[in-house]
Structure formats: structure tokens, C-alpha cells
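J.: This structure is in C-alpha cells; I'll ask about it shortly.
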Amino acid sequence: WVLMVTAQTPTNIAVIKYWGKRDEKLILPVNDSISVTLDPAHLCTTTTVSVSPTFDQDRMWLNGEEISISGGRFQSCLREIRSRATDVDDKEKGIKITKKDWEKLHVHISSYNNFPTAAGLASSAAGFACLVFALGKLMNVKEDHSQLSAIARQGSGSACRSLYGGFVKWIMGKDDKGTDSLAVQLADEKHWDELVIVIAVVSSRQKETSSTTGMRDTVETSLLLQHRAKEVVPKRILKMEEAIKNRDFASFAQLTCTDSNQFHAVCLDTCPPIFYMNDTSHRQAPIISLVEKWNRAEGTPQVAYTFDAGPNAVLIARNRETAALLIQKLLFCFPPNSDADLNSFVLGDKSI
Ligand code: DP6
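Using full-length UniProt numbering, read the sequence shown as starting at 8 and increasing by one per residue.
As C-alpha cells, then:
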């Protein structure tokens, strides 16, 4: 027999960034972060996990190719979920698995991303969140989403925020073991449903410095990061929570853009410096000045921009009309026959 579960998890985009760990193994961050979860129709991972007595080892395929899961992050997630497995009694299929059986049974995992892997579109976020959620369902784990988020966090920090839709906060926590470093939902996907997220994929190539190594270098060398984590982010988190609660786009946009810019400033303050933005700045700079000029001309922000550890621009428009205008303006900047490989726009309502 084979028992199977399929789950789908969207990616999330941080509007207050996570950058820097205080514990690398448990993935505990140096500051809280806040994100929006995208609509699963656009940027998501679909994962099928299966179990059968005929499987002789745990194996995983990503986009059809087998990958190694011997690394600590996969093993932590598998171990944490397995240790919480409970009895399964599938009467329809006549399959009974006891808590004890789970210790010996092996799983096969097959995962697909509908967007470029490791191009700064947070594929690890959707990937680990989906893996943990699907395994939890398969093994009849009773933990709630927040407790599952603390497991997904051990796969990739940003993954913990993809367990919820809408607006999500990753609380950094205080405990050395990480039990209180988990995600909570600030507002669900219906709370602010006029917002439209447009992702300008300016390059789908893999990023040059992985988040993990970049963060390590930043923690070791950047004084600006210390200031950011202790002085700036705690206040910004409170203001962002307020902006989300009141659907205050002016404040939301100002905080989002400023935080993205400070994250990249911290990257530049790292030794050796990390140039996530400058990699394709001839494509990013026009997008930033387009948004800045437009917002200034209107007297109140229409669009917010944020950039992660890759070249692609994430733009958040205050409503559908603004999003349509934004796409026109972007196409004017990068006509289809220009040399820029600005090849797709992804429209997403933030909902799960
Ligand atoms: C810039 O979650 O990919 O996207 O925890 O080492 O796996 P690891 O890093 P990861 O870092 C994401 C960094 C970011 C900002 C964010 O999503 O908050």
C-alpha cells in the first residue's frame, strides 16, 4: 500500500525583512519580521508526500530531479515532524499506522515550484512550509499552524511565515531552544484585499550569494545590522502593525520601501559587501525612481517597492487601477523588445 498527501503553499514577501541569525542551527533571527503571503495561484510550491512499507529510505525530488536530503535542515524538519506523528487509521484504504510504525517507515517527497528556484523569489520559504505542512498531514500531527511554523523555520527562516495567509509576523522569540520563535497571523487575506502585488521578474537566474552565507557574513561584520536589529526594527514593527490594522497605505508604503532600502544598506555594510541590488541595477534603479517620482507627484504613495536577496522587484499597488497603471508604466520602461529580460509580471492578491 501507499498513502499520499498533497499540499500547496504560497510564497511570502517580507515588508519588514529578516536578515541575520542569532543561532544558525535552529535558525533564530536577530529581529522580528512581517510579510504578506501571496495568492497560491501565482507563486507556490506543490508537494506530494507518500509513505509505503516498500520504501527503504527517505527520498526527495524537486521539479522532477532527485535531490539530497541528508542536509541538517531537511533532517531537522523530518525529525521534528516524525517525533510528533500519531496513529493513522484510514478505513477507506484499510491502512493502519501506529505512532511506533512511523519511526521505521520512510517517505518519498515530490515538490514542484511554479516559479524560478533561488532567484530571490523565496522558493525555500514556500518549499519548507509546504514540506512541513504535507508531512504533518500525512503523519497526523496535531500541532497548530504556529507550532508547525516553528518546525518550518528550521528548514528556512522565512518558511515559517508561509504557514498563514494574509499578513504574518515572525516573532523572533527569546528562548535559546527556539520554542517561542514562530509565526502568527496579524490579519487574514480578506482584511486588505484591494492591495495588488506585482512582481517584475527582471532576471530568473540564481542569486550569487545565498541568503544563508550572506546573513552569516553580515552578522559577523556589519555594525549597521546591530543598530538595525536593536534600534530600528522594533519600532518599525509596531508602526507596520498599526499601518496594516488601519489599512494605512501611506505608512505601509513608506515603511516597506525604507526597510527594503535599509536591508540592502546592511548588505553593503557587510565585509565583503553583498550587492543584491547592484547586480542588475540598470533594471532596478529605473523601477525605484519610477515609483519614487510617481509617489511624490501624487502627494501620497500609490505603490511600494521591496527587493529581497535577488534582483526581482516586488511592487505593491494600493488597488487594481493603480496596478494596471503600474504595469503600463513598467512596460514603457522595458518594452517587450528591449534587451532587459523583464519577462513576466505576476499579479497576486495576497491570500492563501
Ligand atoms: C531577504 O529564509 O532564505 O528574503 O533562513 O538562511 O534559509 P535562511 O534564509 P531565508 O532568508 C530570507 C531573507 C529575505 C528577507 C525575508 O524574507 O525576510
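We put the CB at the ideal spot given by N, CA and C, even for glycine. A quick note: this is a predicted structure, and the numbers were derived from the prediction, not measured.
Would the beta-carbon of Asp315 be found less than 8 Å away from any heavy atom of the ligand DP6?
T.: Against the sequence shown, residue 315 aligns to sequence position 308. Between the ligand DP6 and Asp315, a heavy atom-to-CB distance of less than 8 Å is present.
J.: Taking 8 Å as the cut-off, does the CB of Tyr312 come closer than this to any heavy atom belonging to the ligand DP6?
T.: On the sequence shown, residue 312 is found 305 positions in, with the first residue counted as 1. No - the ligand DP6 has no heavy atom lying nearer than 8 Å to the Cβ of Tyr312.
J.: Please find out if some non-hydrogen atom of the ligand DP6 comes closer than 8 Å to the beta-carbon of Lys32.
T.: As a working mapping, residue 32 is identified with position 25 in the sequence shown. Answer for Lys32: no, Cβ out of range of the ligand DP6.
J.: Restricting to Cα atoms, I'd like to know which of Ala48, Thr16, Ser57 is closest to Trp8.
T.: Walking along the sequence shown from the start, residue 8 turns up at place 1. Ranking the options by Cα distance to Trp8, first place goes to Ser57.
J.: Which of the three DSSP states is assigned to Ser218 in this structure?
T.: The residue you call residue 218 lines up with position 211 of the sequence shown. DSSP places Ser218 in helix when its eight states are reduced to three.
J.: Pull up the distance between the alpha-carbon of Gly221 and that of Asp195, whole angstroms please.
T.: In the sequence shown, the residue the question calls residue 221 occupies position 214. In the sequence shown, the residue the question calls residue 195 occupies position 188. About 32 Å.
J.: Between Val205, Ala236, Met179, which has its C-alpha nearest Leu337's C-alpha?
T.: Along the sequence shown, read from residue 1 onward, the residue named residue 337 stands at position 330. Ranking Val205, Ala236, Met179 by Cα distance to Leu337 puts Val205 first.
J.: Is any non-hydrogen atom of the ligand DP6 found closer than 8 Å to the C-beta of Lys28, if you look at the structure I gave you?
T.: Taking the first residue of the sequence shown as position 1, residue 28 is located at position 21. Yes, the Cβ of Lys28 comes within 8 Å of a heavy atom of the ligand DP6.
J.: Should Ala132 be listed as close to the ligand DP6, given that the test is whether its C-beta is under 8 Å from any heavy atom?
T.: Reading the sequence shown from its first residue, position 125 is the one you call residue 132. Checking the Cβ of Ala132 against the ligand DP6 gives yes.
J.: Give the DSSP-derived three-state secondary structure of Asp315 in the structure shown.
T.: Translated into the one-based positions of the sequence shown, residue 315 becomes position 308. Correct three-state label for Asp315: coil.
J.: Any idea what DSSP makes of Pro17, helix, strand or coil?
T.: By one-based count along the sequence shown, residue 17 stands at place 10. Residue state, collapsed to three classes: strand.
J.: Pull the bridge partners of Leu322 from the DSSP assignment, please.
T.: For the purposes of this step, residue 322 is taken as the residue at position 315 of the sequence shown. BP columns for Leu322 point to Val205, Tyr312.
J.: Does the ligand DP6 have even one heavy atom less than 8 Å from the beta-carbon of Thr219?
T.: Within the sequence shown, numbered from 1, the residue matching residue 219 stands at position 212. Because some heavy atom of the ligand DP6 lies under 8 Å away, the Cβ of Thr219 counts as near it: yes.
J.: Please work out which residues of its chain come closer than 8 Å, Cβ to Cβ, to Gln154, disregarding the five sequence neighbours upstream and downstream, and give them in chain order.
T.: Counting from one through the sequence shown, the residue named residue 154 turns up at place 147. Leu189, listed in sequence order.
J.: Starting from the Cα of Asn326, find the closest Cα among Gln161, Lys24, Leu202, Ile41 and give me that residue.
T.: By 1-based counting over the sequence shown, the position of residue 326 is 319. Comparing Cα-Cα distances from Asn326 to each of Gln161, Lys24, Leu202, Ile41, the minimum goes to Leu202.
J.: Return helix, strand or coil for Cys31, following the three-state DSSP convention.
T.: What you label residue 31 is simply residue 24 of the sequence shown in a count that begins at 1. Residue 31 is actually Glu in this sequence, not Cys. Coil at Glu31, not helix or strand.
J.: Taking all protein chains shown into account, decide if Asn350 is buried (16 or more other Cβ within 10 angstroms of its Cβ) or exposed.
T.: The sequence position of residue 350 within the sequence shown is 343, counting from 1. Interpretation of Asn350 is limited by its pLDDT of 48, a score under 50 that renders its predicted location unreliable; no figure is taken from the coordinates.
J.: Please return the same chain residues whose Cβ sits closer than 8 Å to the Cβ of Glu248, not counting the five positions on each side in sequence.
T.: On the sequence shown, residue 248 is found 241 positions in, with the first residue counted as 1. Once the five neighbours on either side are set aside, the close Cβ partners of Glu248 are Ile41, Lys176, Leu193.
J.: Output the distance between the C-alpha atoms of Ile251 and Glu31, rounded to the nearest integer angstrom.
T.: Along the sequence shown, read from residue 1 onward, the residue named residue 251 stands at position 244. Along the sequence shown, read from residue 1 onward, the residue named residue 31 stands at position 24. In a straight line, the C-alpha of Ile251 is about 30 Å away from that of Glu31.
J.: Using alpha carbons as the reference points, say which of Asn268, Val209, Ile178, Ala141 lies closest to Thr53.
T.: Here residue 53 corresponds to residue number 46 of the sequence shown, with the count starting at 1. When each option's Cα is compared against that of Thr53, the closest is Ala141.
J.: List the DSSP bridge partners of Asn120.
T.: What you label residue 120 is simply residue 113 of the sequence shown in a count that begins at 1. Its beta-bridge partners are Thr52.
J.: Under the criterion of a Cβ to heavy atom distance below 8 Å, does Ala21 qualify as lining the ligand DP6?
T.: Counting from one through the sequence shown, the residue named residue 21 turns up at place 14. Closer than 8 Å to some heavy atom of the ligand DP6: that describes the Cβ of Ala21.
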